[in-house]
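Novice:
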Amino acid sequence: MRKLFSKIHLWLSLPVGIIISVICLTGAILVFEQDITQALNPKLYHVEAVPGSVALTPSRLAEQIRNQVTDSLQLTSLQFSRNPEKPVWAAFKSTGRKTLSVNPYTGEVNGWSKSYPLFQQVRKLHRWLLDAPAQKGEKSAGKVIVGITTLAMVIILVSGLIIWIPRNSKALKNRLKICCNKGWRRFWYDSHVATGIYTLVFLLVMALTGLTWSFGWYRNAAYSLFGASPQTTEKGNGNSGNTHPATTNGNRDRHDKPVDTEAYHSPYHTWDNALSALKQIYPTYTTIKLERNTAQIVTSPEGRLRKTDTATFHPEYGTVTSITTSSQIPASQKIKGYFYSFHTGTWGGVWTKTLYFLAAFLGGILPLSGYYLWYRKRRK
C-alpha cells in the first residue's frame, strides 16, 4: 500500500509541481495585500483625530463629498468606523469596488482606495495563470489548469501523509525534525518530509476551499454539505424581519418624536437618525455601513471572521424598524464568506494570516525540494 501511494505521490507531483509552486507562492504574496497597501498609503487609511473634534453627520458628509466629486457620481453608501483614526468610506453607483476615503471630521476627500497593478497581476497568476475568463463565471484554459492542479494537490497531500506515517516512535521523532549536519541530501529530505507534515492542514484547507472557485460541480457539492445552494449563498444576509429587543416600534417613534424639519433638506437626512440610533444599540460596533433604508453592522473585531447584523430603518424618518442578527441568518447563507475567510486566513486576524503566509510559502518550496530529491535519486 505504501508503494502504491508513493507512486501516486511521485507521478502526480512531477507534471504539476511547478504549477503548485506558482499557486502557493502567489497566494503567500496575496495574504498581506491589504496590510501592505494600507502601510504604503497612510493618508488614505488613517486620519488625525484632534482631541475635542466631533465627526460630521452623514448628511453633512454627503454634502461635502458632493462638492468635491463630479455630478455623475451617485453616492450609495457610507461606512463609519468606531476607531476615531479611521476614515469614512464612500461608495458610488457604477464604480465597482472602488471607494472614496473621506475625513470624518472635515469632510475632505483623501482619495480613492488603492489597488496596485503588481497585486492584480499576482492575483491573475494565482487564479488563472494570467488567462482570465472573458466574463465572471466562465471558463478559461488557465482557470481549468489551476483547478485540476489544486485537485491533484489534494491527492498529493493525502498520499504524502500516508507515506509519512511512521512505524514506531523513533521513526516519528526522525520525521518531525530537520537534520542539518549530514549533508545536503539529508537536509532537503528532512525538510521535505517535516515541512510537508507541518503545513499539511493549512494547505489542505486552502486547496479544498479554493476549489469552489474553479469548478461549479465542486462548489455545489461543498455548499450542499452545509445545506446550502448556489442561489442561497448569492443572496447574502437576508432580513427575516425580527425586531431587535433594543429597538422600538417604528410607528410609535414617528408620532412621539418631534420632527426637525431643517434637518430634512438633504436626501441623506435619514442616515443621521439611523446612525445615531444604531450607535446606541451597538456601543461596541466595529463598522456601520449605511445604505438605502438598510445598514450593515459589523460586530466582530477587525480582522476576524466577520459577524454582520442587518438593520432596516424608516425611509423618511430614519427610525430603526428591525434588525436581523448574524446568529439569525442560516449558515447556508454565510458559507461563501466562511470559505473565503478560511481560504485567505483572515478568520483569525494577524496570527492566522501569518501562519497562512508561512504555510503557503513553504508549500511553494515543497515541489522544488521534491524535484531535487527525485533528480538525485535518478542520478544515483
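Just add 17 to wherever you are in the sequence shown, counting from 1, and you've got our numbering.
Ideal Cβ placement from N, Cα and C applies to all residues, glycine included.
Note that the structure is a prediction, hence the values are computed from the model and not measured.
Based on Cα-Cα distance, which residue from Leu-27, Ala-224, Gly-177, Pro-347 lies nearest to Ala-211?
Specialist: Gly-177
Novice: By Cβ distance below 6 Å, which residues in the same chain neighbour Tyr-285 in space, the five residues on each side in sequence not counted?
Specialist: Pro-75, Ser-76, Ala-79
Novice: Which full runs of the alpha helix (DSSP H) of 4+ residues lie inside the segment 108-169, going along the chain?
Specialist: Runs of the alpha helix (DSSP H) lying entirely within the segment 108-169, each at least 4 residues long, are 134-145 in chain order.
Novice: Rounding to the nearest angstrom, what Cα-Cα distance links Phe-136 and Leu-142 in this structure?
Specialist: 10 Å
Novice: Within 10 Å of its beta-carbon, does Lys-370 have 16 or more other beta-carbons around it, so buried, or fewer, so exposed?
Specialist: Classification of Lys-370: buried, given that the 10 Å Cβ count is 16 or more.
Novice: With a cut-off of 8 Å, do at least 3 Cβ pairs link the segment 151-161 to the segment 83-101?
Specialist: no
Novice: Within a Cβ cutoff of 8 Å, which residues of the same chain sit near Lys-194, ignoring the five residues on either side of it in sequence?
Specialist: Asp-207, Ala-211
Novice: Should Thr-336 and Asn-290 be called a contact, given that it needs their Cβ atoms to be closer than 9 Å?
Specialist: yes
Novice: Among Ala-158, Ser-157, Ile-82, which one has its Cα closest to the Cα of Glu-128?
Specialist: In the sequence on display, residue 128 carries Gly and not Glu. Measuring from the Cα of Gly-128, the nearest candidate turns out to be Ile-82.
Novice: At the level of alpha carbons, what is the spacing between Ser-118 and His-360?
Specialist: 28 Å
Novice: Taking C-beta to C-beta, are Ile-37 and Thr-226 nearer than 9 Å?
Specialist: For Ile-37 and Thr-226, no; Cβs fall outside 9 Å.
Novice: By Cβ distance, which residues of its chain are closer than 6 Å to Ala-245, with the 5 residues on each side in sequence left out?
Specialist: Ser-349, Ile-352
Novice: Output yes or no for whether 9 Å exceeds the beta carbon distance between Val-171 and Leu-90.
Specialist: In this structure, Val-171 lies away from Leu-90, with their beta-carbon atoms at least 9 Å apart.
Novice: Which of the three DSSP states is assigned to Gln-96 in this structure?
Specialist: In this structure, Gln-96 counts as strand in the three-state DSSP scheme.
Novice: Are there 16 or more other CB atoms within 10 angstroms of the CB of Ser-30, so buried, or fewer, so exposed?
Specialist: buried
Novice: Hey, could you find the ends of the beta strand (DSSP E) Gln-313 is sitting in?
Specialist: 311-315
Novice: Distance, Cα to Cα, Lys-324 vs Ser-317?
Specialist: 5 Å
Novice: Just how far apart, CA to CA, sit Met-18 and Phe-219?
Specialist: 26 Å
Novice: Going by C-alpha to C-alpha distance, which of Val-105, Thr-216, Phe-109 sits closest to Val-64?
Specialist: Val-105
Novice: Please go through the same chain and pick out, in chain order, the residues whose beta-carbon is closer than 7 Å to the beta-carbon of Ser-358, but skip the five residues on each side of it.
Specialist: Leu-322, Trp-364
Novice: Can you give me the start and stop residues for the beta strand (DSSP E) that Trp-72 sits inside?
Specialist: What sits at residue 72 in the sequence shown is Ala, not Trp. Where Ala-72 is concerned, there is no enclosing beta strand (DSSP E), given that its DSSP letter is neither H nor E.
Novice: Do the CB positions of His-26 and Ile-182 come within less than 9 Å of each other?
Specialist: no
Novice: Between the beta-carbon of Gly-381 and the beta-carbon of Met-223, is there less than 9 Å?
Specialist: Taking 9 Å as the cut-off, the Cβ atoms of Gly-381 and Met-223 do not count as close.
Novice: Write down the C-beta distance between Tyr-122 and Ala-72 rounded to the nearest angstrom, noting that I regard them as a contact closer than 8 Å.
Specialist: 6 Å
Novice: Tell me the rounded alpha-carbon separation between Leu-307 and Lys-115.
Specialist: 17 Å
Novice: Consult DSSP for Ile-214 and reduce its assignment to one of helix, strand or coil.
Specialist: helix
Novice: Roughly how many whole angstroms lie between the Cα atoms of Leu-375 and Cys-41?
Specialist: Their Cα atoms are separated by approximately 10 Å.
Novice: Could you tell me whether the Cβ atoms of Leu-146 and Val-39 are closer together than 9 Å?
Specialist: yes
Novice: Cβ atoms of Leu-47 and Arg-140: under 9 Å apart, would you say?
Specialist: yes
Novice: Confirm, please, whether the CB-CB distance from Thr-287 to Glu-319 is below 9 Å.
Specialist: no
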